[in-house]
Amino acid sequence: MAIEALLIDLDGVLYIGEAAVPGARNAIRYLEDQGYPFRFVSNTTRRSRRSIVSRLASMGFSIPEEHIFTPAAAAAAYLAGDRPQSALFLTTMEVADEIAGLAGIASDPVTAGTVVVGDAGDRFTYRSLNEAFRLLLGGAGLVALEKDRSWMGADGMTLSAGPFVAALEFASGKEARVMGKPSPHFFMEALASMGAGPTEAAMIGDDVVTDICGAMACGLSGILVRTGKFREEALARAPCQPSAILDSIADLPGYLRR
Ligand SMILES: [Mg+2]
124 MAIEALLIDL DGVLYIGEAA VPGARNAIRY LEDQGYPFRF VSNTTRRSRR SIVSRLASMG
184 FSIPEEHIFT PAAAAAAYLA GDRPQSALFL TTMEVADEIA GLAGIASDPV TAGTVVVGDA
244 GDRFTYRSLN EAFRLLLGGA GLVALEKDRS WMGADGMTLS AGPFVAALEF ASGKEARVMG
304 KPSPHFFMEA LASMGAGPTE AAMIGDDVVT DICGAMACGL SGILVRTGKF REEALARAPC
364 QPSAILDSIA DLPGYLRR
């Protein structure tokens with residue numbers, strides 16, 4: 124089926140570290156010129172949406188905040204739900220402030236009913252993980268902003284939130300509720316904002332598991348790029364095979380024109 128709308132991953136697809144992927148700006152301009160609706164679905168959980176927008180602007184991408192879907196925004200909607208309660212945020216300060224602000228809840232380790240885990244970087248310490256573990260034992264729920272294994276940082280492959288979420292699950296016996304990719308709810312919400320159905324849409328990403336297999340399980344096409352965290356070994360052992368593989372997003376216009 125022809126591709127009529129796109130979901131686009133950010134990290135490893137549009138940029139790596141502080142640098143735009145060569146040809147990425149042209150590819151986005153092509154989508155705009157051709158009138159393709161598109162949204163960005165990112166599992167980046169170190170930065171708030173506002174800071175993602177300004178970082179993208181510094182790389183020459185002009186993208187409105189409401190076109191970017193992040194696990195933090197999904198978590199805020201979830202936490203603001205039926206019974207809002209305070210949370211312990213095992214995330215960067217920036218993301219903790221964003222979620223607490225959007226959800227209208229307090230960040231309080233004493234009364235926390237939920238432990239929220241994102242990519243906390245250097246804030247993952249034995250002490251902070253053990254504090255989260257004790258809250259889970261005391262009955263708190265576990266929310267994972269994402270459960271990715273790794274991402275490509277400016278200086279090399281970098282642990283994401285997944286390994287720490289897995290450690291907390293292993294220790295507590297609880298299963299985390301995942302907010303970002305590959306949660307079907309996350310993909311479907313981004314599609315709904317464009318009025319697009321899954322079978323007419325494609326997801327383009329560098330993570331074969333969360334981006335590609337996650338989207339394909341929802342009925343989208345999956346376009347894997349060989350930039351960012353792409354590894355042949357990860358592709359070989361993936362639970363699905365992509366609909367297409369491109370060297371980078373620079374090849375997207377040619378692929379859509381074919
Ligand atoms: Mg990525």
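Residue numbering for the sequence shown follows our numbering, beginning at 124 and increasing consecutively. Glycine included, every Cβ here is placed at the ideal spot set by N, Cα and C.
{"query": "The stretch 254 to 262 in contact with the stretch 227 to 240 per 3-pair CB rule at 8 Å", "result": "yes"}
{"query": "According to DSSP, residues forming a beta bridge with alanine 143", "result": "Tyr138"}
{"query": "Opposing strand residues paired with isoleucine 131 [DSSP bridges]", "result": "Phe163 and Ile327"}
{"query": "C-beta atoms of glycine 351 and glycine 135 nearer than 7 Å", "result": "yes"}
{"query": "Exposure label - proline 365; buried when at least 16 CB within 10 Å", "result": "buried"}
{"query": "Sheet register partners of phenylalanine 192 (DSSP bridge)", "result": "Val164"}
{"query": "Straight-line Cα distance separating tyrosine 153 from glycine 146", "result": "11 Å"}
{"query": "Proximity test, aspartate 132 beta-carbon vs ligand 1 heavy atom, cut-off 6 Å", "result": "yes"}
{"query": "DSSP beta-bridge partners of glutamate 280", "result": "Per the sequence shown, residue 280 should be read as methionine rather than glutamate. In DSSP, methionine 280 forms a bridge with Met275."}
{"query": "Spatial distance of isoleucine 222 from arginine 170 (CA atoms)", "result": "11 Å"}
{"query": "Candidates Val266, Gln208, Phe184 and Phe287, of which the one nearest glycine 244 by Cα", "result": "Phe287"}
{"query": "Selection from Leu265, Met311 and Phe163 that minimises the alpha carbon distance to serine 295", "result": "Leu265"}
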